[in-house]
Amino acid sequence: MNKQKLKREARAWVEEDIISDEQYDKIIERYSKSGPNSIILLFAILLMALGFLTFIMSDWAREPHLSRIIILASVTIVLYVLGDIRYRKSADLIAISFTVLGYIAFGAGMLLAIDIYNIQVTFAWPFIIWAIVGLGVYFMYEHKLLFSAAIAVTTIGQLYNASINSAFSWILLLLLLFGFGHFVYHHRNYLFSYLFSVSFVVQLLTLVFVASQQYYWLILYFLILYFAGDLIPEQVYRKPFKRISLIGIFIFGMYQTFILQDDFYMKDVTLQWSFIASWFVLFGATIVKKIIDKRSNQLIDLVLFLPIVFIPFSYSMSLIVLFIFALGWLFVGYKEDNSEYVLLGTISFLVSVFTVYIQFAWDAMNKSLFFLIGGILLFLISFLIEKQRRTIIDKQKGGE
Amino acid sequence: MKRLLFYLLLILQIAILFLFGVQYYFIDDYGRTVQLLSKHEEMTDTYGSYNQHTAYIDYEINFIAADAWEIAEEVDYNTKIYVLLDADSDGVFHVVKATDRKIDAEQDQVVFQGKYQYYNDMQKEYHVTYGIESFHPDFDFDHSGRNQSRITVQLAPWGQKKVTHIENLQ
């Protein structure tokens, strides 16, 4: 939020006796930490972190000699200690920046040691160590930048392990669920919930690929995240969980429309009863939960979680499902006069149209015509979304 | 409390970094010496820029004949493979068998853990890597030679392997 605007608003609250002067000061102080300067610092951290990571790839650094370790260890110590001294004087972003850099220098040192000493990494342990250290450092300073860095390390570690060892690290997933999950739960923060959901989705996506699971298991994983969002009543968890889950399952739905017409790929898809059983339980639980909470219009979301691969005419059904979702939200949105739902419906409708367009037109149409019409279609979509957005803003202004 | 945690965590990180380095030098003292042959003539060479010594070696044990392969079903790329090696009269180790389960080694044998790469249908050979095919050598060796070489590898009790010597066979 704009700080000037906040000051103006909060001043008005004081004058109307909604809050006291002390409360006013506290509120202003809460938002004083991040200014435009914080973006410059963020870039400074990014550049220096890139500096460390490219340094360890340089010819000079890649020599099996203890001096290289000593250099990186001293850099790590200096950065951590500087950060800590500064933190005790004033707990600001500069102090945290030093600590984040120390954290990254430690990881860079570890990766360098693995490279120069040719240490054979048979599972994801370097990243497990790095992530646990990250949790510890976050516990000390409780700053969101440290949380983001540590959760990024965990997610990247999972991807790295998949590419190097073709294996899935359950420890990294457990670290996410119980280590980071603990702080997500106790420190109530939208950013944390979003990062947690994104990491969850990325890790389980890796699991499906690495363990050569049938692709439809993803439906279950997205549904778990969605149901978790439904179970917790607080918006700070519910919104991010459900949003990321819906984005994930929608993209999955689009992807599915492509592979369902690919006979070569579908040949390998077989039905697993363990999937059906667990899906049935979770899906039923989600429906029951929705009805108990009296949010039955959100049942539209669930149409995306149907395992349509198992039903006849699955290819056309996969497209129909996307449209049911989009039109359903459009309908509910107009009925309840909720512009957010209308926007959700519009965007998903237009994206679905585009998916269909690609499917049918790619084979049938002259390629230049395909791109031309596709471009025009995208123009129209952006125009419609922009128009929708403006009406929402107008409405909000009118409501004030 | 958090004060103490700061120092603990810092010491832990520095200790981990040094542990990685120090274990490398301890391999020489505590490791078991295993001698291996390179696969082909003319295959041992170093590439890369002058500063960045990287040696690439194809070992004889990278290529496992189909009759030593004791895994029934097809395995995926990068699957963990346990390879049992046995010493001949010259002290050079050769492949006895490869499995996907942990195996125990006898007196003159060692077990190497590797990763499955591919199957060569022409040669009827399975290709397995052990993580010592490319490394930064900290010793000098004659890489102008075009002959088969005998490579000395130290196998540490904690599972790390280190190439310590390369000798050209005439």
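Protein sequences appear in the order of chains H and Z.
Position in the first sequence (first residue = 1) + 4 = the working numbering.
Position in the second sequence (first residue = 1) + 9 = the working numbering.
We put the beta carbon where it would ideally sit given N, CA and C, even for glycine.
Alpha-carbon to alpha-carbon, residue j and residue i
i: L406(H); j: V205(H); result: Examination of residue 406(H) is not possible in this model, given that chain H is present from 5 through 404 alone.
i: L163(H); j: L208(H); result: 10 Å
i: A75(Z); j: F279(H); result: 37 Å
i: F161(H); j: Y345(H); result: Checking the sequence, you will find Gly at residue 161(H) rather than Phe. Rounded to the nearest angstrom, the two C-alpha atoms are 37 Å apart.
i: Y361(H); j: A289(H); result: 36 Å
i: L211(H); j: E83(Z); result: 20 Å
i: D97(Z); j: V105(Z); result: 11 Å
i: A154(H); j: I31(H); result: 29 Å
i: R242(H); j: Y189(H); result: 11 Å
i: V292(H); j: V285(H); result: 11 Å
i: R92(H); j: F27(Z); result: 28 Å
i: A77(H); j: L70(H); result: 11 Å
i: F143(H); j: A53(H); result: 21 Å
i: L303(H); j: L17(Z); result: 50 Å
i: N177(Z); j: F150(Z); result: 9 Å
i: A232(H); j: L331(H); result: 25 Å
i: T58(H); j: L116(H); result: 10 Å
i: P130(H); j: L310(H); result: 39 Å
i: F110(H); j: L10(H); result: 40 Å
i: L105(H); j: R34(H); result: 25 Å
i: R192(H); j: T395(H); result: 32 Å
i: L181(H); j: F172(H); result: 15 Å
i: D147(Z); j: F15(Z); result: 36 Å
Option nearest residue i by Cα separation, candidates the options
i: D29(H); options: I43(H), N41(H), R12(H), I44(H); result: R12(H)
i: I98(H); options: L54(H), G55(H), Y145(H), D119(H); result: Y145(H)
i: V307(H); options: H186(H), I168(H), L250(H), K399(H); result: L250(H)
i: T108(Z); options: N177(Z), V162(Z), T88(Z), D97(Z); result: T88(Z)
i: I89(H); options: H186(H), F102(H), M369(H); result: F102(H)
i: I132(H); options: A117(H), L115(H), T158(H); result: T158(H)
i: I328(H); options: P316(H), N342(H), F353(H); result: F353(H)
i: A77(Z); options: V162(Z), I90(Z), F35(Z); result: I90(Z)
i: S201(H); options: A77(H), A166(H), A156(H), P237(H); result: A156(H)
i: Q126(Z); options: Y86(Z), A165(Z), H145(Z), L164(Z); result: Y86(Z)
i: A64(Z); options: E176(Z), T42(Z), H145(Z), Y34(Z); result: H145(Z)
i: M258(H); options: S203(H), F317(H), W283(H), V355(H); result: V355(H)
i: N169(H); options: D266(H), A128(H), A281(H); result: A128(H)
i: Q122(Z); options: E115(Z), K111(Z), Y128(Z), D130(Z); result: K111(Z)
i: I315(H); options: E340(H), T274(H), K339(H), R299(H); result: T274(H)
i: I66(Z); options: H103(Z), L46(Z), M10(Z); result: L46(Z)
i: N71(Z); options: L164(Z), Y128(Z), L19(Z); result: Y128(Z)
i: F317(H); options: Q265(H), N301(H), L388(H); result: Q265(H)
i: R299(H); options: I23(H), D234(H), S203(H), A112(H); result: D234(H)
i: F254(H); options: I385(H), G349(H), A112(H); result: G349(H)
i: I160(Z); options: F15(Z), E69(Z), V31(Z); result: E69(Z)
i: L195(H); options: I73(H), F245(H), G183(H), N165(H); result: F245(H)
i: G337(H); options: W277(H), N301(H), Q363(H), V357(H); result: N301(H)
i: I100(H); options: G87(H), G55(H), A112(H); result: G87(H)
i: V92(Z); options: D38(Z), E115(Z), V119(Z); result: V119(Z)
i: R72(H); options: I385(H), A112(H), L224(H); result: A112(H)
i: V31(Z); options: I44(H), L46(H), R66(H), I74(H); result: I74(H)
i: K48(Z); options: V101(Z), R12(Z), Y39(Z), D37(Z); result: V101(Z)
i: F3(H); options: I236(H), N165(H), A281(H), F262(H); result: With chain H running from 5 to 404 in the structure shown, residue 3(H) is simply not present.
Beta-carbon neighbours of residue i, restricted to chain A and to distances below 9 Å
i: Y33(Z); result: The chain inventory of the structure shown lacks chain A, comprising the protein chains H and Z.
**Request:** Determine, using beta-carbon pairs with one atom in the region 141-150 of chain H and one in the region 115-124 of chain H, whether at least three such pairs fall under 8 Å.
**Result:** no
**Request:** With 9 Å as the C-beta to C-beta threshold (strictly closer), list the residues of the region 84-98 of chain Z near chain H in chain order.
**Result:** D85, Y86, N87, T88, K89
**Message:** Extract the residue ranges of the beta strand (DSSP E) inside the region 162-210 of chain H, only unbroken runs of 3 or more that lie entirely within it.
**Reply:** none
**Request:** Would you check if there are 3 or more beta carbon pairs closer than 8 Å linking the region 139-149 of chain Z to the region 162-177 of chain Z?
**Result:** yes
**Request:** For the region 11-28 of chain Z, enumerate the residues whose C-beta is nearer than 8 Å to any C-beta of chain H, in chain order.
**Result:** K11, L14, F15, L18, L19, L21, Q22, I23, I25, L26, F27
**Request:** Could you run through the region 126-155 of chain Z and flag, in chain order, every residue whose CB is less than 9 Å away from some CB of chain H?
**Result:** Y139, G140, I141, S143, F144, H145, P146, D147
**Selection of the region 148-180 of chain H by Cβ proximity to chain Z, strictly under 9 Å** = I168, N169, S170, A171
**Message:** Ignoring anything shorter than 3 residues, give me the beta strand (DSSP E) runs that lie fully in the region 104-163 of chain Z, in order along the chain.
**Reply:** 118-129, 134-138
**Message:** Count Cβ pairs between the region 323-330 of chain H and the region 372-387 of chain H that sit closer than 8 Å; are there 3 or more?
**Reply:** no
**Message:** Is it the case that the region 175-183 of chain H contacts the region 217-224 of chain H, given that we only count it when at least three CB pairs across the two stretches are under 8 Å?
**Reply:** no
**Message:** My parser needs the beta strand (DSSP E) runs of 3 or more residues fully inside the region 108-151 of chain H; what are they?
**Reply:** none
**Prompt:** Would the region 247-261 of chain H and the region 225-234 of chain H be scored as touching if the rule is three or more Cβ pairs under 8 Å?
**Reply:** yes
**Message:** Three Cβ pairs or more, each shorter than 8 Å: is that satisfied between the region 11-25 of chain Z and the region 60-69 of chain H?
**Reply:** no
**Request:** Run through the region 29-86 of chain H for me and flag every whole beta strand (DSSP E) of 3 or more residues, listed as ranges in chain order.
**Result:** none
**Request:** Kindly provide the ranges of any alpha helix (DSSP H) runs that are 4 or more residues long and lie completely inside the region 241-322 of chain H, ordered along the chain.
**Result:** 267-270, 277-296, 303-306
**Request:** Would you list, in chain order, the members of the region 89-100 of chain H that have their beta-carbon closer than 8 Å to a beta-carbon of chain Z?
**Result:** none
**Request:** Mind listing, in chain order, the continuous alpha helix (DSSP H) runs of no fewer than 4 residues lying wholly within the region 316-390 of chain H?
**Result:** 318-340, 343-368
**Asked** Can you list, in chain order, the residues of the region 130-141 of chain H whose Cβ is nearer than 7 Å to any Cβ on chain Z?
**Response** I133, V137, G140, V141
**Request:** Would you list, in chain order, the members of the region 165-176 of chain Z that have their beta-carbon closer than 9 Å to a beta-carbon of chain H?
**Result:** G168, Q169, K170, K171, V172
**Contacting positions in the region 103-117 of chain H - beta carbon closer than 8 Å to chain Z** = F110, G113, M114, A117
**Request:** Anything in the region 110-125 of chain Z with a Cβ closer than 7 Å to a Cβ of chain H? List those residues in chain order, please.
**Result:** Q122
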